[in-house]
Amino acid sequence: MQLPLVSRLAAHDVLAWRNGHAVNLREFLLDVQALAARLPPGRHVLNVCQDRYRFLAGFAASVMAGKTSLLPSTRTPEAIRQLRDLAPDAFCLSDHDDGIDLPHVAYAERDAGCAAPAEIDMPRIDAERIVAQVFTSGSTGTPVPHAKAWGALVGCVQSGASRLGLLDGRRHALVGTVPAQHMYGFESTALIALHGGVAMSAEQPFYPADIAAALARIPAPRMLVTSPVHLRALLDAHVRIPPLDLLLSATAALPADLAQLAEARLQAPLLEIYGSTETGQIATRRTAQTDLWELLPDLRLEPEAQGHVRVCGAHLAQAQVLHDVIEIVDQRRFRLHGRSADMVNIAGKRSSLAHLNHQLASIPGVRDGAFFMPDAETDDSVTRLMAFVVAPGLDHDLVRAALRERIDPVFMPRPLVLVDALPRNATGKLPRSALHALAMRAPPPQIHDSSPHAD
Numbered sequence: 001m002q003l004p005l006v007s008r009l010a011a012h013d014v015l016a017w018r019n020g021h022a023v024n025l026r027e028f029l030l031d032v033q034a035l036a037a038r039l040p041p042g043r044h045v046l047n048v049c050q051d052r053y054r055f056l057a058g059f060a061a062s063v064m065a066g067k068t069s070l071l072p073s074t075r076t077p078e079a080i081r082q083l084r085d086l087a088p089d090a091f092c093l094s095d096h097d098d099g100i101d102l103p104h105v106a107y108a109e110r111d112a113g114c115a116a117p118a119e120i121d122m123p124r125i126d127a128e129r130i131v132a133q134v135f136t137s138g139s140t141g142t143p144v145p146h147a148k149a150w151g152a153l154v155g156c157v158q159s160g161a162s163r164l165g166l167l168d169g170r171r172h173a174l175v176g177t178v179p180a181q182h183m184y185g186f187e188s189t190a191l192i193a194l195h196g197g198v199a200m201s202a203e204q205p206f207y208p209a210d211i212a213a214a215l216a217r218i219p220a221p222r223m224l225v226t227s228p229v230h231l232r233a234l235l236d237a238h239v240r241i242p243p244l245d246l247l248l249s250a251t252a253a254l255p256a257d258l259a260q261l262a263e264a265r266l267q268a269p270l271l272e273i274y275g276s277t278e279t280g281q282i283a284t285r286r287t288a289q290t291d292l293w294e295l296l297p298d299l300r301l302e303p304e305a306q307g308h309v310r311v312c313g314a315h316l317a318q319a320q321v322l323h324d325v326i327e328i329v330d331q332r333r334f335r336l337h338g339r340s341a342d343m344v345n346i347a348g349k350r351s352s353l354a355h356l357n358h359q360l361a362s363i364p365g366v367r368d369g370a371f372f373m374p375d376a377e378t379d380d381s382v383t384r385l386m387a388f389v390v391a392p393g394l395d396h397d398l399v400r401a402a403l404r405e406r407i408d409p410v411f412m413p414r415p416l417v418l419v420d421a422l423p424r425n426a427t428g429k430l431p432r433s434a435l436h437a438l439a440m441r442a443p444p445p446q447i448h449d450s451s452p453h454a455d
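First residue of the sequence shown? That's 1 in UniProt numbering, and the numbers climb one at a time after it.
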């Protein structure tokens with residue numbers, strides 16, 4: 001079976017907004033066709049274009065040329081070395097000076113003055129063809145690649161767009177604060193323009209004033225695709241935000257109080273996406289109103305051995321075991337209790353890092369924070385929880401006192417370290433390697449904190 005490169009759009013429908021100007025489907029296909037003809041023979045493409053439109057055109061051109069896009073979670077020298085081992089023929093498609101040690105192709109704009117055919121045939125792609133290798137974030141260890149077939153990506157994006165109400169005839173315009181190279185941004189800011197009936201903004205704003213300005217440059221109805229970190233910064237800044245019709249969040253757990261504040265302040269529903277690199281998006285919830293997740297259509301959860309759960313059906317070619325602690329409520333709904341790898345057991349008591357992080361973030365004055373459990377140095381060594389907190393205006397003792405009211409004493413972090421910022425990546429996630437590096441620079445615990453039951 002073959003599926004079109006773009007669906008739900010006519011030739012003159014707007015697919016993207018660039019610097020306040022509309023780009024229609026016909027212009028996009030011309031750009032893709034021209035770029036595909038310029039790509040070198042290598043079968044693997046590392047697409048690092050910062051302009052979201054250029055990224056999407058580069059991805060589509062790679063699909064047309066029969067190539068596979070590599071979408072790693074990070075582009076450190078070590079990550080690039082791993083990519084070269086995985087795909088020795090890889091080249092880099094870029095629209096900026098990135099310093100990446102791979103053969104390069106510079107993105108070039110199509111000459112709009114050249115003659116173009118009046119009609120352009122819509123490319124059709126084999127549904128089984130692998131078009132991307134997407135890598136896990138490394139938040140719990142080493143990033144792992146996962147192959148993505150064209151049909152699975154299209155099915156997943158269309159199912160998610162239907163759940164969000166984007167296929168009801170109203171053409172939303174979208175601004176995303178997360179990069180298109182990561183799974184959430186890939187699906188919800190890039191592929192959604194190809195198969196979700198949404199016109200995307202080419203911008204990737206980071207600061208609150210830039211987010212507001214990017215939203216002002218697109219027409220209503222508007223949607224904002226973001227993360228809890230970006231959302232909190234946006235609300236704290238008190239900038240004027242143009243009217244929104246929809247907010248979307250993922251990459252990290254969204255506190256209910258933050259979701260409620262966002263809906264009240266921005267006067268728009270906020271939906272949170274649950275998914276993974278392995279599965280793509282599989283569930284949503286309106287976090288301001290419920291803690292229950294609802295599966296996308298035609299997906300189901302099945303219990304596995306040792307308390308694990310797997311998800312099956314719809315766009316998934318095969319069942320995938322979820323790396324989270326899941327409580328199945330009924331056929332459509334479930335509760336999420338944190339990642340399996342996040343579970344900690346101290347003095348016979350169990351909790352999850354996600355729960356502890358939520359309690360830390362709920363302290364008034366705390367802008368960001370994360371617990372970290374270092375690896376045990378030996379089998380009989382004592383490993384203690386640590387926490388890193390961004391809380392301007394609060395001191396160590398105030399944070400500890402507030403935290404003591406919220407969690408069991410055995411989970412009090414030793415040490416608790418106040419920092420200016422956490423080493424989050426572009427999607428707002430905290431790779432374990434980054435937390436480990438922060439932990440290596442942390443001061444040793446105070447003497448009065450040495451007992452696991454100390455206050």
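Where a beta carbon is used, it is the ideal one built from N, C-alpha and C, also for glycine.
Only a predicted model underlies this, so the values are computations on that prediction, with no experimental measurement involved.
- Counting only the Cα atoms, D375 lies some 51 Å from L25.
- Ranked by Cα distance from L30, the options A202, P103, A106, A118 are led by A118.
- Residue ranges of uninterrupted beta strand (DSSP E) with 3 or more members, entirely inside the UniProt domain "AMP-binding enzyme C-terminal" (360-429) and ordered along the chain, are 368-372, 386-390, 416-418.
- With contact defined as three or more Cβ pairs closer than 8 Å, the segment 146-157 and the segment 77-95 are not in contact.
- For N357, the closest of G393, I346, A305, A252 by C-alpha to C-alpha distance is A252.
- Within the model, the alpha-carbon separation for Y107 versus F55 is close to 9 Å.
- By DSSP's assignment, V23 forms a beta bridge with A16.
- A contact between stretches requires three or more CB pairs, one per stretch, nearer than 8 Å, and the segment 194-208 meets this requirement with the segment 150-169.
- A direct Cα-to-Cα measurement between R285 and A37 gives close to 42 Å.
- By the Cβ neighbour-count rule, N47 is buried, with 16 or more other Cβ atoms within 10 Å of its own.
- Within a 10 Å sphere around the beta-carbon of R432 sit 16 or more other beta-carbons, which makes this residue buried.
- Look at T189 here: in three-state DSSP terms it is helix.
- For Q289, the secondary structure class from DSSP, reduced to helix, strand or coil, is coil.
- Membership of E302 in the beta strand (DSSP E) is indicated by the continuous run 299-303.
- Residue nearest to H96 within the set M64, D51, F135, P88 is D51 (criterion: CA-CA distance).
- Between A90 and L102, the CB-CB gap stays under 8 Å.
- In the DSSP assignment, L71 falls within the unbroken beta strand (DSSP E) covering 68-71.
- Each of A283, V389, S352 was checked against the Cα of A370, and the nearest Cα belongs to V389.
- Around the Cβ of C312, a 10 Å sphere holds fewer than 16 other Cβ atoms; the residue is exposed.
- Selection Q33, M200, P413 evaluated against I120 yields Q33 as nearest (Cα-Cα).
- Of all alpha-carbon atoms in H230, L174, L164, the one lying nearest the alpha-carbon of R18 is that of L174.
- By the criterion of a C-beta distance shorter than 6 Å, P4 is surrounded in its chain by M122, R124, once the five residues flanking it on both sides are discounted.
- In the displayed model, Q260 falls within a helix according to three-state DSSP.
- Ranked by Cα distance from V229, the options A401, R240, P208, H44 are led by P208.
- Take P297, set aside five residues on each side of it, and the residues of its chain with a beta-carbon closer than 8 Å to its own are S159, S162, R163, A314, in chain order.
- C312 is bridged by DSSP to R300.
- When DSSP states are grouped into helix, strand and coil, S351 belongs to the strand group.
- Where S62 is concerned, the enclosing alpha helix (DSSP H) starts and stops at 52-64.
- About 6 Å separates the Cβ atoms of V131 and T68, confirming a contact at the 8 Å cut-off.
- Burial state of E302 is exposed, judged by a 10 Å Cβ sphere holding fewer than 16 other Cβ atoms.
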